[in-house]
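Asks: Just passing along the structure, written as structure tokens.
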Amino acid sequence: MKMSFQMPNQRQEQQRNKILEDLQKKQQLLKQQSISGQSSSAPQMTPNTTSLTPTTGATTATDTASTSSGSMTSTQRAALNHANNNSFGFFIPQDSSFGNLILPVLPRF
């Protein structure tokens with residue numbers, strides 16, 4: 118049995134490009150919302166496979182949790198904030214004897 122690679126046709130390429138453009142637009146929208154949403158407590162938007170849907174402030178809950186943990190240094194707090202701002206999920210601080218200072222919480226799609 119012989120298998121060969123089939124080149125994608127023009128319609129498949131156009132569909133793939135359209136999907137990639139849509140993903141880039143959603144990513145830019147999320148970045149803009151994370152920048153403007155850091156100072157407000159408005160509900161944040163999370164990506165969905167078909168559209169953007171609002172959620173109730175998961176990032177604000179993690180921000181208050183990270184500031185209330187007094188055992189974190191400023192660099193650890195900065196790393197937690199960076200992880201929360203650049204991820205689809207969010208992270209929570211934890212005490213760990215294994216060196217894992219933050220625990221990822223990822224949404225199901």
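Using my numbering, the first residue of the sequence shown is number 118, and each one after it goes up by one. We put the CB at the ideal spot given by N, CA and C, even for glycine.
Alpha helix (DSSP H) containing L223: first to last residue?
Replies: It is not in any alpha helix (DSSP H) - L223 carries neither H nor E in the DSSP assignment.
Asks: Leaving aside the five residues before and after K148 along the sequence, list all residues of the same chain whose C-beta is less than 7 Å from its C-beta, in chain order.
Replies: Counting only Cβ-Cβ distances below 7 Å, and skipping sequence neighbours, we find nothing.
Asks: On the premise that L220 lies in contact with I209, defined as a C-beta separation below 8 Å, what is that separation, rounded to the nearest angstrom?
Replies: Indeed, because the Cβ distance is near 5 Å, the residues count as touching under 8 Å.
Asks: Just to confirm, are N202 and S153 a CB contact at a threshold of 8 Å?
Replies: No, Cβ-Cβ distance for N202 and S153 is not below 8 Å.
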